[in-house]
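Undergrad:
Numbering (the working numbering), first residue to last: 569 to 768.
1) If you run the structure through DSSP and keep just helix, strand and coil, what is residue 749?
2) Give the DSSP-derived three-state secondary structure of residue 705 in the structure shown.
3) Buried or exposed: where does residue 734 fall if 16 or more other Cβ atoms within 10 Å of its Cβ makes it buried?
4) Check this for me: beta carbons of residue 600 and residue 692, under 9 Å apart or not?
5) Less than 8 Å separating the Cβ of residue 668 from some heavy atom of the ligand ADP?
6) In whole angstroms, what is the alpha-carbon distance linking residue 731 and residue 635?
7) Give the DSSP-derived three-state secondary structure of residue 683 in the structure shown.
8) I'd like to know if the segment 597–612 and the segment 652–660 are in contact, where contact means that at least 3 CB-CB pairs between them fall below 8 Å.
9) Helix or strand or just coil, what does DSSP make of residue 670?
10) With a threshold of 16 other CB atoms inside 10 Å of the CB of residue 658, please say whether the residue is buried or exposed.
11) Pick out the complete alpha helix (DSSP H) segments inside the segment 607–674, 4 residues or longer, and give them in chain order.
12) Counting C-beta neighbours from all protein chains within 10 Å, is the total for residue 689 16 or more, i.e. buried, or is it exposed?
13) Residue 613 to residue 765, Cα distance in whole Å?
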């Protein structure tokens with residue numbers, strides 16, 4: 569009986585080990601990009617399944633720890649960006665890029681709608697070579713949707729600076745603010761109606 573019980577126990581342990589080895593571990597990844605005002609991009613990606621967390625910030629410039637006022641002066645070279653943490657078991661980086669290209673106009677240089685300046689440029693900051701290649705593929709694929717050339721920059725991420733606290737979660741915190749009502753809300757509703765992001 570003892571031998572049979574031991575054999576059963578060993579069999580169960582082997583099955584559990586095999587199950588643990590074949591089940592993929594959930595490892596979160598990060599993506600950083602800019603497509604106009606970071607309030608807009610954050611509002612969109614907060615509603616995308618698989619996005620764990622998003623942070624508004626600045627990247628691509630020369631000034632250390634830049635402020636919003638410095639960004640608006642066009643002297644730092646930074647772009648308004650968001651950095652998202654996502655679960656690749658739920659959403660792939662390729663899908664993140666697909667939504668990125670669909671959620672703004674990547675053919676306008678240093679501009680999105682009435683927002684004009686180099687801080688509003690379309691840019692993907694890749695974290696590693698795999699993201700670099702994926703971004704290049706996504707840009708080529710997205711071009712088929714636009715008559716004008718896509719001007720999105722694809723550059724390595726050197727430093728991400730978190731924006732001031734009052735910029736974080738802006739649309740959710742200030743839904744009645746003018747820019748939120750007339751610019752961000754219609755964009756969010758449009759993408760929700762197309763099934764790109766989930767409804768509130």
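Quick reminder that beta carbons are idealized off the backbone N, C-alpha and C, glycines included.
The structure displayed is predicted, hence computed values, not measured ones.
TA: The short version:
1) In the chain shown, the residue the question calls residue 749 occupies position 181. Three-state result, residue 749: helix.
2) For this step, residue 705 is matched to residue 137 along the chain shown. The answer is helix: DSSP assigns residue 705 an H, G or I state.
3) Walking along the chain shown from the start, residue 734 turns up at place 166. Exposed, by the Cβ-count rule.
4) Position 32 of the chain shown, counted from the start, is the residue given in the question as residue 600. Position 124 of the chain shown, counted from the start, is the residue given in the question as residue 692. With contacts defined by Cβ atoms closer than 9 Å, residue 600 and residue 692 form a contacting pair.
5) No copy of the ligand ADP appears in this structure; indeed no ligand is present at all.
6) Taking the chain shown and counting its residues from 1, one reaches residue 731 at position 163. Taking the chain shown and counting its residues from 1, one reaches residue 635 at position 67. Distance from the CA atom of residue 731 to the CA atom of residue 635, rounded to whole angstroms, is 7 Å.
7) Looking up residue 683 in the chain shown gives position 115. Here residue 683 sits in strand by DSSP.
8) With a cut-off of 8 Å, the segment 652–660 and the segment 597–612 count as touching, because enough Cβ pairs lie within range.
9) Start at 1 with the first residue of the chain shown, and residue 670 comes out as number 102. Residue 670 falls in the helix class under three-state DSSP.
10) Locating residue 658 in the chain shown gives position 90, counting from the first residue. Exposed, by the Cβ-count rule.
11) Here the runs fully enclosed are 636–640 and 661–670.
12) Start at 1 with the first residue of the chain shown, and residue 689 comes out as number 121. With 16 or more other Cβ atoms within 10 Å, it is buried.
13) Residue 613 sits at position 45 when you count from the first residue of the chain shown. Residue 765 sits at position 197 when you count from the first residue of the chain shown. Computed Cα separation, rounded: 8 Å.
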